[in-house]
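Trainee: In terms of the working numbering, the numbers along the sequence shown are unbroken and rise by one, the last being 312. Dropping the structure in here first, questions after.
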Amino acid sequence: MEQTLNIQDEIVNETRKLKIEFEEIVKEYSLDLWNYCKYVTGSPWDGEDLYQETMIKSFGLLPHRWSEITDKKTYLFRMATNTWLDQCRKLKREIGALEENMEPVQEFTDSLHLEEMLISLESALTPKQTAAFLLLDIFKFSAEEVAGIVRSTPGGVYASVQRARRRIASIDDTSVERKRENMNSNSIIEAYLAAFNSGDLNGILQLFSDQAQNEAFFGFQEYSKEEMLKGSLKFGLPGHKAITKTLWGRPVIVVVAEGKEGPEIHDIQMQDVENGKIVSHKSYFFRKEFILAAAKELNMRAQLVKPPVDWS
């Protein structure tokens, strides 16, 4: 039999259809999952990376299941937790254990703004303690469900969460601050902005290396300038305005479209530059939870309808 050297279009198209079906099935939990990833890692950026990896693994590992998934939410959160704890192990971080030593009951009433407090958890607790607290107190899993997710016992979960509540109650309000970084000026990025805003496609292409990777998360991947011309740039530039912003401490490019009620976030982009060329271009165009959270952070509106996307 002749060996097949290529991954055929039929396989790619069928996989794409199945992925869309999977995302439709689990979309009711996507916002909770994104928030959990943000809180457990202590960063919207790290949380976004964890969310993406969780969704990829959750879909990719389906062929290895030998029984029906009856609880979709638990499946997703278990995948996120295991992925994150594995990342912590690779970084040689102490994961911690959930010991069953019971302590006096501590009713949790935070003195901090909830969002700020939850983001600060990752630095105050061990990774496993952080996960247990979030799953039980914030996302309302039962102790038995949490025990299954974090690989412990219900008694260990209860005791650990009590200790976490005591630790959180001791956090000083003034110690929780959002860190901001100044955006560094980069001539290549400035040239990109100028070309983008003037609709100069050739000018933009000259800034990319021939082997540049162009990725729109959960949308498409292109691995050369040639693929970009045949794909995402086939019909030119979108005709919107690009501006620079600092988002959660990182410099980004925000593509702004003019909506009925004023400017709206169309896309958020980041580039890596090496040796005077853009070698990586990342777009969050298809990332609903990320775009909506960014819009709130930047005090802007998000564009909800932008073909092929409709978030209305």
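Note that CB positions come from ideal geometry on N, CA and C, so glycine has one too.
So for residue 240, helix, strand or coil by DSSP?
Mentor: Here the question's residue 240 lines up with position 240 in the sequence shown. Coil.
Trainee: According to DSSP, is residue 292 part of a helix, a strand, or is it coil?
Mentor: In the sequence shown, the residue the question calls residue 292 occupies position 292. Looking at residue 292 - three-state DSSP - the assignment turns out to be helix.
Trainee: Whose C-alpha, out of 271, 261, 228, 246, is nearest the C-alpha of residue 294?
Mentor: Against the sequence shown, residue 294 aligns to sequence position 294. For residue 294, the nearest C-alpha among the options comes from 246.
Trainee: Judging by CA-CA distance, which residue of 265, 47, 65, 216 is the nearest neighbour of residue 34?
Mentor: What you label residue 34 is simply residue 34 of the sequence shown in a count that begins at 1. Nearest option by C-alpha distance: 47.
Trainee: By the 10 Å Cβ neighbour count, where 16 or more other Cβ atoms means buried, how is residue 281 classified, buried or exposed?
Mentor: As a working note, residue 281 is residue 281 in the sequence shown. Result: buried.
Trainee: Would you call the CB atoms of residue 85 and residue 128 closer than 8 Å?
Mentor: Numbered from its first residue, the sequence shown carries residue 85 at position 85. Numbered from its first residue, the sequence shown carries residue 128 at position 128. Cβ atoms of residue 85 and residue 128: closer than 8 Å.
Trainee: Put residue 299 into one of helix, strand or coil per three-state DSSP.
Mentor: As a first step, residue 299 must be located in the sequence shown, where it is residue number 299. Coil, per DSSP.
Trainee: Helix, strand or coil for residue 60, going by three-state DSSP, please let me know.
Mentor: The residue labelled residue 60 in the question sits at position 60 within the sequence shown. Three-state result, residue 60: helix.
Trainee: Quick one: grab the DSSP three-state call for residue 97.
Mentor: Reading the sequence shown from its first residue, position 97 is the one you call residue 97. Note: residue 97 maps to coil in three-state DSSP.
Trainee: Could you check the C-alpha separation between residue 130 and residue 193 for me, to the nearest Å?
Mentor: Within the sequence shown, the letter at position 130 stands for residue 130. Within the sequence shown, the letter at position 193 stands for residue 193. Distance between the alpha carbons of residue 130 and residue 193: 40 Å.
Trainee: Check each candidate in 164, 238, 285 and name the one with the smallest Cα separation from residue 215.
Mentor: The sequence position of residue 215 within the sequence shown is 215, counting from 1. When each option's Cα is compared against that of residue 215, the closest is 285.
Trainee: For residue 228 and residue 252, which I take to be in contact (beta-carbon distance under 8 Å), what is that distance rounded to the nearest angstrom?
Mentor: Locating residue 228 in the sequence shown gives position 228, where the first residue counts as 1. Locating residue 252 in the sequence shown gives position 252, where the first residue counts as 1. The pair is not a contact, with the Cβ atoms about 20 Å apart (cut-off 8 Å).
Trainee: So for residue 250, helix, strand or coil by DSSP?
Mentor: Counting from one through the sequence shown, the residue named residue 250 turns up at place 250. Three-state DSSP puts residue 250 in a strand.
Trainee: Using the Cα positions of residue 90 and residue 262, report the straight-line distance between them to the nearest angstrom.
Mentor: Within the sequence shown, numbered from 1, the residue matching residue 90 stands at position 90. Within the sequence shown, numbered from 1, the residue matching residue 262 stands at position 262. Approximately 46 Å, taken between the alpha carbons.
Trainee: Please state the DSSP three-state secondary structure of residue 314.
Mentor: Coverage of the chain is limited to positions 1 through 312, which leaves residue 314 absent and any answer about it impossible.
Trainee: Going by DSSP in three states, residue 20 sits in which element: helix, strand or coil?
Mentor: As a first step, residue 20 is located in the sequence shown; it is residue number 20 there, counting from the start. In the structure shown, residue 20 sits in a helix (DSSP, three-state: H, G or I).
Trainee: Comparing alpha-carbon positions, which option in 76, 191, 163 lies nearest residue 139?
Mentor: Here residue 139 corresponds to residue number 139 of the sequence shown, with the count starting at 1. Ranking the options by Cα distance to residue 139, first place goes to 76.
Trainee: Can you give the beta carbon distance from residue 305 to residue 209, rounded, assuming they're within the 8 Å contact cut?
Mentor: Taking the sequence shown and counting its residues from 1, one reaches residue 305 at position 305. Taking the sequence shown and counting its residues from 1, one reaches residue 209 at position 209. The Cβ separation is near 34 Å, so there is no contact.
Trainee: Cα separation between residue 313 and residue 170?
Mentor: This structure does not reach residue 313, given that the chain is present from 1 up to 312, and the question cannot be answered.
Trainee: Does any C-beta atom of chain D lie closer than 8 Å to the C-beta of residue 224?
Mentor: This model lacks chain D altogether, as it is built from one protein chain only.
Trainee: List the endpoints of the continuous alpha helix (DSSP H) containing residue 226.
Mentor: Walking along the sequence shown from the start, residue 226 turns up at place 226. Note, residue 226: alpha helix (DSSP H), 225 to 230.
Trainee: For residue 268, verify whether its CB is less than 7 Å away from any heavy atom of the ligand GDP.
Mentor: No copy of the ligand GDP occurs in the structure displayed, which carries no ligand at all.
Trainee: Taking 8 Å as the threshold (C-beta atoms), are residue 150 and residue 98 in contact?
Mentor: The residue given as residue 98 occupies position 98 in the sequence shown. The residue given as residue 150 occupies position 150 in the sequence shown. It is a contact, given that the beta carbons lie within the stated cut-off.
Trainee: So if DSSP puts residue 215 in a beta bridge, which residue, or which two residues, is it bridged to?
Mentor: Counting from 1 along the sequence shown, the entry for residue 215 is found at position 215. In the DSSP output, where bridge partners are listed per residue, residue 215 has 221, 282.
Trainee: Can you list, in chain order, the residues of its chain with a C-beta nearer than 6 Å to that of residue 153? Leave out the 5 residues immediately preceding and following it.
Mentor: For the purposes of this step, residue 153 is taken as residue 153 along the sequence shown, with counting starting at 1. Cβ neighbours of residue 153 beyond the five flanking positions: 147.
Trainee: With residue 191 and residue 207 assumed to form a contact (beta carbons below 8 Å), what rounded beta-carbon distance in angstroms separates them?
Mentor: Position 191 of the sequence shown, counted from the start, is the residue given in the question as residue 191. Position 207 of the sequence shown, counted from the start, is the residue given in the question as residue 207. The pair is a contact, with the Cβ atoms about 6 Å apart (cut-off 8 Å).
Trainee: Buried or exposed for residue 189, going by 16 or more other Cβ atoms inside 10 Å?
Mentor: Numbered from 1 along the sequence shown, position 189 holds the residue referred to as residue 189. By the 10 Å Cβ count, residue 189 comes out buried.
Trainee: Need the endpoints of the beta strand (DSSP E) that residue 190 sits in, please.
Mentor: Taking the sequence shown and counting its residues from 1, the one referred to as residue 190 is at position 190. From DSSP, residue 190 is part of no beta strand (DSSP E) but of the alpha helix (DSSP H) over 187 to 197.
Trainee: Could you check whether residue 242 and residue 197 sit closer than 8 Å to each other, using their CB atoms as the reference points?
Mentor: The residue given as residue 197 occupies position 197 in the sequence shown. The residue given as residue 242 occupies position 242 in the sequence shown. Against a cut-off of 8 Å, the Cβ pair of residue 242 and residue 197 comes out as a contact.
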